[in-house]
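Below is one structure; the comments refer to it alone.
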Amino acid sequence: MAPPAFPTEIHSMIIRFATYCPVYFDISPDPRFWPVDHELYTVYNDISTDYMTKKALTLVSHQFRYASLPYLYEVVQVHESSSMHRLADVLETTWSGVTTNDQEDPRKIQHLFVSVMRAKDEQGKYSVFKSLGRILTHCGSLRGFGLYDAVPFRVDKPHSWLMSIPKGVRFIDWKGTVMASDFPRVIGHVSESLIALRLSNLTVLDNNTSPHSASLPKLTHFAMPEEHAGIGVLNDWSMPSLTHLRVNVSSSSMLERVIGRVGNSLRNAILGPRVAPELLLYIATVARNLEDCIYHFHVGMEQSWAMIRSHPSLKSIVVVFREFSAHASHNQWILSILCNHLQPLPEGHFPSLCRIGFVGIDPYSTFDARNRAHLDELLNAWHASGIEVKYLGQ
0 MAPPAFPTEI HSMIIRFATY CPVYFDISPD PRFWPVDHEL YTVYNDISTD YMTKKALTLV
60 SHQFRYASLP YLYEVVQVHE SSSMHRLADV LETTWSGVTT NDQEDPRKIQ HLFVSVMRAK
120 DEQGKYSVFK SLGRILTHCG SLRGFGLYDA VPFRVDKPHS WLMSIPKGVR FIDWKGTVMA
180 SDFPRVIGHV SESLIALRLS NLTVLDNNTS PHSASLPKLT HFAMPEEHAG IGVLNDWSMP
240 SLTHLRVNVS SSSMLERVIG RVGNSLRNAI LGPRVAPELL LYIATVARNL EDCIYHFHVG
300 MEQSWAMIRS HPSLKSIVVV FREFSAHASH NQWILSILCN HLQPLPEGHF PSLCRIGFVG
360 IDPYSTFDAR NRAHLDELLN AWHASGIEVK YLGQ
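Sequential numbering from 0 applies to the sequence shown in numbering that gives the first Met the number 0.
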């Protein structure tokens with residue numbers, strides 16, 4: 000007598016555990032700054048399976064095929080032009096199960112990462128983008144979309160593939176060229192669902208054209224983690240729900256306009272090494288509900304916290320320090336200005352502050368014991384105030 004067959008649900012659970020592929024829209028090492036589903040960072044976050052393993056599971060049996068296909072198509076990465084064309088052809092082929100037993104088509108792409116745009120000729124680029132448009136029309140369940148190369152140089156208005164990005168997409172990770180006047184239209188197309196956006200190495204083709212405005216009412220996470228010339232595309236963008244911001248660009252006036260429009264919704268900020276020193280003062284003054292701030296310390300920031308004077312909600316700061324020299328006299332001077340910079344923090348004007356982290360220097364051991372009396376005084380004051388001080392590494 001044959002043993003009873005496992006229910007499809009059991010097979011599905013086994014295959015899910017065996018083939019899970021995590022999704023990382025990694026705008027920072029801390030997953031708080033990119034709000035992908037919590038389960039992606041828990042049970043399965045150390046398990047990753049390549050495409051061939053998933054493909055093999057679909058060939059075991061009809062039952063395994065139906066149970067495996069959702070995971071085969073769940074996260075799709077396309078790195079070759081031929082793969083783009085083939086995927087478009089496959090998705091346009093009616094799934095056989097629909098006609099045989101009325102089962103729903105399980106081929107639902109949830110996350111699509113594309114990096115195949117370096118075709119050798121313009122016609123090749125257009126062919127690839129045409130196939131991408133065909134793919135996107137079959138991605139009604141798409142949640143995350145990553146584009147990691149330049150669009151065709153001759154594009155002067157949104158082509159159909161751009162507007163084929165499904166309106167329900169929640170995460171966009173864009174690295175490459177945009178048309179300044181048209182990119183807001185593309186983003187606006189998904190504005191009602193988009194909650195996280197990262198723009199990297201952005202190059203604006205028609206930089207002499209004034210960018211159009213864009214409203215992103217639900218966007219909570221935004222990042223420009225690299226210095227580039229594309230920040231002007233944000234000129235008239237509205238992000239009223241933004242809570243997490245990561246930037247590393249030197250245009251302080253543009254950033255001030257963005258932050259000024261965000262105002263009190265901002266909770267977390269990461270300021271990279273290229274950010275102008277005065278932006279720390281501005282962001283702490285404007286964003287009065289800010290809770291966490293990571294920033295790079297530069298010479299010239301000695302009076303930043305003294306000028307801020309107080310902040311009602313700031314809970315945690317992390318100071319990244321890269322100003323060391325081989326000369327002891329220079330490091331003694333650096334220690335002095337760093338202490339002057341941090342002096343206002345334990346004096347009661349920051350009632351919510353409970354954590355201070357250091358990256359690049361260990362406040363307990365980096366400096367010569369003969370020259371650290373001021374720093375030790377600060378550490379004692381912080382500890383007495385209940386502020387936790389940690390060295391977070393290099």
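Where a beta carbon is used, it is the ideal one built from N, C-alpha and C, also for glycine. Keep in mind that this is a model prediction, so the values were computed, not measured.
CA-to-CA, the gap between Leu135 and Ser163 works out to about 6 Å. In the structure shown, the three-state DSSP call for Ser199 is strand. Taken in chain order, the complete beta strand (DSSP E) segments of 3 residues or longer contained in the segment 269-296 are 291-296.
Ser309 and Val261 have their C-alpha atoms spaced approximately 20 Å apart. The Cβ atoms of Arg266 and Leu289 lie closer than 8 Å to each other. For Pro239, the closest alpha carbon among the candidates Ala222, Glu225, Gly259 is that of Gly259. Between Lys217 and Ser237, the CB-CB gap reaches or exceeds 8 Å. Membership of Leu146 in any alpha helix (DSSP H) is not indicated; the residue belongs instead to the beta strand (DSSP E) covering 143-146.
Setting aside the 5 residues that flank it on each side, Gly145 is surrounded in the same chain by Phe112, Asp172, each with a C-beta closer than 6 Å to its C-beta; the list follows chain order.
Contact annotation: Gln109 and Arg142 have beta-carbon atoms nearer than 8 Å.
His84 carries a helical assignment under DSSP once its states are collapsed to helix, strand and coil. In terms of Cα proximity to Asp375, the closest of Leu334, Pro183, Ser351, Val185 is Leu334. Assignment of His382 by DSSP, reduced to helix, strand and coil, places it in the helix class. In the three-state DSSP reduction, Arg369 falls in the helix class (H, G or I).
The beta carbons of Asp235 and Ser264 sit about 18 Å from each other, so the pair does not count as a contact at 8 Å.
According to the DSSP assignment, His188 belongs to no beta strand (DSSP E) but to the alpha helix (DSSP H) extending over 182-188. A distance below 8 Å separates the beta carbons of Arg245 and Ile269. The criterion of a C-beta distance shorter than 8 Å is not satisfied by Ala275 and Ser312. Counting along the chain, the unbroken alpha helix (DSSP H) around Gly259 starts and ends at 251-261. Assigned with DSSP and collapsed to three states, Val358 falls in strand. Assignment of Arg266 by DSSP, reduced to helix, strand and coil, places it in the coil class. Exposed is the label assigned to Ala372, since fewer than 16 other Cβ atoms lie within 10 Å of its Cβ.
Shown here, Phe128 sits in a helix according to DSSP, grouped into three states.
For Ser315, no alpha helix (DSSP H) segment is defined; the enclosing uninterrupted segment is the beta strand (DSSP E) at 315-320.
Residue pairing by DSSP places Arg133 opposite no residue, since no beta bridge is assigned to it.
By the Cβ neighbour-count rule, Lys124 is buried, with 16 or more other Cβ atoms within 10 Å of its own.
DSSP, reduced to helix, strand and coil, places His220 within a strand of the structure shown. Around the beta-carbon of Leu341, 16 or more other beta-carbon atoms lie within 10 Å, marking it buried. Contact between Leu279 and Met300 holds: their C-beta atoms lie close to 7 Å from each other, under 8 Å. It is roughly 15 Å from the alpha-carbon of Val319 to the alpha-carbon of Pro224. DSSP places Asp375 in the helix class (H, G or I) of the three-state scheme. The residue among Val317, Leu90, Ile186, Thr284 with its C-alpha nearest the C-alpha of Met306 is Thr284. Taking 8 Å as the cut-off, the beta carbon of Ile360 is found no closer than this to the beta carbon of Val298. Cys338 is the residue among Cys338, Leu131, Ser303 whose C-alpha sits nearest the C-alpha of Asn379. Annotation for Pro362: Leu374, Leu378, Val388, Tyr390 place their beta carbon closer than 7 Å to its own, counting only its chain and skipping 5 residues before and after. Residue pairing for Arg245: DSSP places it in a beta bridge opposite Ala222, Ile269.
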